[in-house]
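Trainee: Residue numbers (full-length UniProt numbering): 1 to 270.
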């Protein structure tokens with residue numbers, strides 16, 4: 001059965017960025033993208049429409065070489081691509097303090113207040129109570145508003161752990177880790193122990209790319225949603241072992257086979 005029939009509706013907003021990650025490049029030929037998007041469940045016309053929309057809203061830029069079109073990451077797509085590696089980086093060190101921003105924005109400026117909070121949350125900050133934001137590093141330009149006061153909150157480890165649990169969704173994060181670990185275990189069990197040697201090598205390449213895309217998409221989404229906190233501030237029952245297992249899976253045979261397949265398929269489209 002062809003990959004397109006096996007993996008329906010697998011294309012997401014960030015799929016092209018993930019495919020660039022697999023191929024380890026910021027630019028891919030349109031023929032490669034259309035073929036892989038089709039393997040992920042889109043029709044050929046749907047794949048081309050997907051790319052046109054991404055160009056239209058600035059996520060992709062194009063260049064022509066003769067009759068061929070190449071798509072380069074831009075805007076949000078480029079940011080996603082560049083942040084994938086940082087999402088798997090080591091957690092920050094605990095130095096005995098939080099960075100804190102106290103803001104006073106009245107209800108009459110609710111839209112402004114919501115925008116301030118959204119900008120802080122985008123950078124990994126959290127709110128233990130209205131009017132207070134906590135982070136592990138200095139605030140960015142979003143805190144330059146006159147209504148904001150920034151500083152450092154020196155605090156002992158026990159109180160810091162309590163405050164972190166109040167500000168960041170740690171229970172939800174633990175649940176997401178357990179859920180993905182279970183999914184990846186099932187995914188690993190479904191993989192053959194040896195690489196396939198079937199005659200339809202081209203179809204096998206697409207299958208491996210689809211499997212790696214699924215793994216990369218799920219793991220990157222998880223890491224992007226997890227609070228980036230020092231280990232000292234996490235609950236005792238936080239599933240560190242499962243998180244380590246997910247990281248091992250990212251460095252395992254499914255991803256390795258997907259990267260090799262992406263390079264081989266890309267060579268066919270050059």
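Cβ atoms here follow ideal geometry from the backbone N, Cα and C, with glycine treated the same way. Source: prediction; values computed, not measured.
Considering only the alpha carbon of each residue, which of 81, 207, 45 and 257 lies closest to residue 224?
Mentor: Of the listed residues, the one whose Cα sits closest to residue 224 is 81.
Trainee: With distance defined between alpha-carbon atoms, name the residue in 208, 220, 245 and 233 nearest to residue 258.
Mentor: Out of 208, 220, 245 and 233, 208 has the C-alpha closest to the C-alpha of residue 258.
Trainee: Given this structure, state the Cα-to-Cα distance separating residue 163 from residue 102, to the nearest angstrom.
Mentor: So the alpha carbons of these two residues sit roughly 15 Å apart.
Trainee: So what's residue 11 in DSSP terms, helix, strand or just coil?
Mentor: Residue 11 falls in the coil class under three-state DSSP.
Trainee: Tell me whether residue 161 is buried or exposed, calling it buried when 16 or more other Cβ atoms sit within 10 Å of its Cβ.
Mentor: Buried, because 16 or more other Cβ atoms sit within 10 Å of the Cβ of residue 161.
Trainee: Under three-state DSSP, which class holds residue 154?
Mentor: The answer is strand: DSSP assigns residue 154 an E or B state.
Trainee: Could you name each continuous beta strand (DSSP E) segment of 3 residues or more that falls completely within the stretch 29 to 91, going from the start of the chain to the end?
Mentor: The stretch 29 to 91 contains these whole beta strand (DSSP E) runs: 60 to 65 and 68 to 73.
Trainee: Output needed for residue 44: all residues of its chain with C-beta closer than 8 Å, excluding positions within five of it in sequence on either side, in chain order.
Mentor: The residues are 34 and 38.
Trainee: With C-beta atoms as the reference, is residue 178 less than 9 Å away from residue 239?
Mentor: Result yes, Cβ atoms of residue 178 and residue 239 sit closer than 9 Å.
Trainee: Quick one: measure Cβ to Cβ for residue 205 and residue 265, integer angstroms, because I've assumed they're closer than 8 Å.
Mentor: About 5 Å separates the two Cβ atoms, so the contact holds.
Trainee: Indicate whether residue 21 and residue 216 have their beta-carbon atoms separated by less than 9 Å.
Mentor: Their beta carbons are under 9 Å apart, which means residue 21 touches residue 216 by this criterion.
Trainee: Excluding the five sequence neighbours on either side, which residues of its own chain have a C-beta within less than 8 Å of the C-beta of residue 183, listed in chain order?
Mentor: Closer than 8 Å at Cβ, skipping near neighbours: 218.
Trainee: Indicate the three-state DSSP secondary structure (helix, strand or coil) for residue 133 in the structure shown.
Mentor: Here residue 133 sits in strand by DSSP.
Trainee: Does DSSP put residue 247 in a helix, in a strand, or in coil?
Mentor: Helix.
Trainee: What first and last residue would you give for the beta strand (DSSP E) that runs through residue 99?
Mentor: Residue 99 -> beta strand (DSSP E) spans 97 to 103.
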